[in-house]
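In this note's numbering, the protein residues as written are 17 to 420.
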Amino acid sequence: MDKKEQISSSDLPKNTGENALSIDDFHKAFGENFSDAIDINTWSIGANLSELYPLIEAEWLQAKTDESKNQKIFREKVFPRIKEVGNVPFAGLHDDVNDVKQLLDKMHRGFLFNGAVTACGSTHVIFNTVPLTITQIGICLVNYERQHGSYSHRLFRRDLRFKSDDPIQEALDLIEKRRSDDNAGDKRSAMSNLAVRGIKAYTERAILLDKKDVKTKWLLGSGSPAPYELMTGFWGSKKEMKDKSIELMSRMILEHQRFVYVHSCEKFPDLWTLGNALNPFEYLILGSLEDDLVRRVDLGGTRGVIRESYADFAKQVGSKIVRGIYRVSNQAQPQIFYGHIDHIRTAALIAMADSVFQLHSGSPMLLDLASNLCKMNFSKNDLFSSIQQASIKAEVKLRVANSH
């Protein structure tokens with residue numbers, strides 16, 4: 017390349033989608049022109065470690081400087097603004113934890129160590145062969161007094177079930193469908209993943225509500241109390257399925273009310289930036305999920321009566337779900353949490369009190385315990401051993417396509 021070509025946004029195909037990206041976005045994110053990144057003359061030969069270390073060190077120092085500057089701006093300008101525009105009580109920064117030890121002792125004795133908080137974890141394993149795909153879903157409940165229960169379900173998928181009177185024609189139709197659809201494999205995988213995610217999202221919440229210990233007052237889960245998976249896909253395809261998902265989420269949010277849902281900031285860089293401005297044992301209450309849920313319904317692809325029902329749910333129930341961010345350590349990333357509008361401060365304190373056991377990650381210990389119990393109780397190796405033994409007895413030679 018004798019002369020470096022300049023690439024501009026006008027040279028690229030136009031994308032009118034909401035998430036369209038341009039090379040200006042690339043430069044803003046990486047501090048480098050896109051044309052330089054694809055110019056092979058700017059690439060190093062080999063790893064070139066002697067130049068790599070000082071380069072990374074310089075980038076770290078600059079990132080630290082930028083973060084300190086942003087933290088000051090956020091705390092002085094942005095946090096007060098959140099309090100002003102927040103559409104829920106107690107919106108804004110909460111830095112009133114003066115005696116951390118006293119607070120932790122109160123939350124541990126009053127909520128966590130007496131079994132008043134139960135967490136839910138889940139896992140799934142897929143064993144994929146050409147004639148048969150087996151999916152195992154496992155869910156565990158646990159609190160600090162004991163493990164409260166393990167529940168599992170298995171799905172068996174066969175493309176050829178020969179339900180018609182002409183099995184030969186059914187097989188030929190399947191072959192023709194796959195031959196004419198280059199994305200058949202991707203669609204098959206996507207439907208399986210969507211089904212598993214939807215089943216897990218529903219059963220996690222149903223088991224938390226209906227199988228919890230009698231002493232349990234608070235429910236602790238991963239993700240959101242009103243997940244996307246329960247408002248689209250299979251749940252948005254039939255009225256009876258829509259009714260089930262709305263009834264379950266409403267029961268947890270409007271009736272039970274005492275819940276805390278937590279997940280990391282990795283998929284939400286804007287909230288991650290806000291959270292990085294927090295000091296340890298501070299939390300920020302942002303606002304309700306009403307607008308987010310309404311937007312989700314608008315973009316979700318549901319129609320007619322089903323769409324109207326989800327829209328009503330988004331307005332009535334979304335206004336009762338409040339989102340916030342907390343942080344328990346400078347070494348850990350902040351965590352996003354959700355709670356009921358009437359109990360949001362207690363929800364924040366429970367999440368922080370449980371996260372103090374993992375200052376390196378900053379996430380609740382009970383959630384990790386529940387997840388690890390699921391992985392032990394419903395391990396991939398145990399499932400595969402059972403499948404292998406059954407296949408030997410059935411005189412079937414396993415032809416594994418992909419398992420995970």
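Note that beta-carbon positions come from the ideal geometry of N, C-alpha and C, so glycine has one too.
At least 8 angstroms separates the beta-carbon of C281 from that of Q347.
Y218 places its beta carbon less than 8 angstroms from that of S261. Counting only unbroken stretches of 4 or more residues, the alpha helix (DSSP H) elements lying wholly within the segment 235-314 are 255-266 and 285-292, in sequence order. Bounds of the alpha helix (DSSP H) holding S371 are I360 to S371. Using a 10 angstroms sphere on the CB of F143, the tally of other CB atoms reaches 16 or more, which defines it as buried. Exclusion of the five residues before and after Y160 leaves L128 and F129 as the residues of its chain whose Cβ lies within less than 6 angstroms of its Cβ.
For the options S166, R170 and S138, the alpha carbon positioned closest to that of T151 is the one of R170. Taking 8 angstroms as the cut-off, the Cβ atoms of K228 and T81 do not count as close.
Selection S166, F90, M368 and I301 evaluated against H356 yields I301 as nearest (Cα-Cα). Considered as a whole, the segment 75-145 harbours 108-110 and 133-145 as its complete beta strand (DSSP E) runs of no fewer than 3 residues, in chain order. Leaving aside the five residues that flank S377 on each side, the residues in its chain whose CB is nearer than 6 angstroms to its CB run, in chain order, A348.
DSSP, reduced to helix, strand and coil, places Y218 within a helical segment of the structure shown. In the three-state DSSP reduction, V212 falls in the helix class (H, G or I). Three or more Cβ pairs closer than 8 angstroms define a contact, and the segment 328-348 meets that threshold against the segment 302-313. By the 16-neighbour rule on beta-carbons within 10 angstroms, D370 is buried. By a beta-carbon distance limit of 8 angstroms, A406 does not contact C156. Their separation comes to about 25 angstroms. Under the DSSP assignment, Y326 falls in the alpha helix (DSSP H) whose first and last residues are G320 to G334. Contact annotation: the segment 220-227 touches the segment 257-274, with at least three C-beta pairs closer than 8 angstroms.
Segment contact: the segment 95-107 against the segment 357-364, three or more CB-CB distances shorter than 8 angstroms; contact assigned.
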